[in-house]
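J.: Start counting at 1 in the sequence shown, then tack on 144, and there's your number in my numbering.
The C-beta atom is built at its ideal place from N, Cα and C for all residues, glycine as well.
First the structure, which I've put down as structure tokens, then a few questions once you've had a look.
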Amino acid sequence: MDDFGTGYSSLSYLQSFPFDKIKIDRSFISNLEATPQSAEIVRAVLSLAHALKIPVIAEGVETEAQRAFLAREACEEMQGYLVGRPDLIERYLDLVGLAVERRLYA
Numbered sequence: 145m146d147d148f149g150t151g152y153s154s155l156s157y158l159q160s161f162p163f164d165k166i167k168i169d170r171s172f173i174s175n176l177e178a179t180p181q182s183a184e185i186v187r188a189v190l191s192l193a194h195a196l197k198i199p200v201i202a203e204g205v206e207t208e209a210q211r212a213f214l215a216r217e218a219c220e221e222m223q224g225y226l227v228g229r230p231d232l233i234e235r236y237l238d239l240v241g242l243a244v245e246r247r248l249y250a
């Protein structure tokens, strides 16, 4: 479930659909240091997901303080500029040692 806690992501969906991962929206992560409510919401989502045995990924991790908080709270995965900036797929494939055939589509 992408962007958990925003828009149409509802707790009832956790029962209705077989999600393999919950992604915490970046709006909660970006406010971790400034807003105690954001920290408590992230803790609650992590606790709920762990109880349901659903892995969690936090998006928008940009500071070491955010990473440290999420690590203390046992968040399984993180993504954001602190971890790595977006780049061309070819550069990623070079990094992991894979070659890709470049195709052109009309």
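If you compare alpha carbons, which of Glu-234, Glu-206, Glu-220 and Ala-212 is closest to Gly-228?
T.: For the residues Glu-234, Glu-206, Glu-220 and Ala-212, the minimum Cα distance to Gly-228 belongs to Glu-206.
J.: Nearest by alpha-carbon distance to Ala-218: which of Ile-198, Phe-161 and Val-240 is it?
T.: Out of Ile-198, Phe-161 and Val-240, Ile-198 has the C-alpha closest to the C-alpha of Ala-218.
J.: What's the gap between the Cα of Asp-147 and the Cα of Asp-164?
T.: Confidence in Asp-147 is poor, its pLDDT being 48 and thus under 50, which makes the residue's placement too unreliable to answer from.
J.: What would DSSP say about Glu-234, mapped onto helix, strand or coil?
T.: Three-state result, Glu-234: helix.
J.: Determine which residues share a DSSP beta bridge with Lys-167 and list them.
T.: Looking at the DSSP assignment, Lys-167 forms a beta bridge with Ile-201.
J.: For Glu-177, which three-state DSSP category applies?
T.: Note: Glu-177 maps to coil in three-state DSSP.
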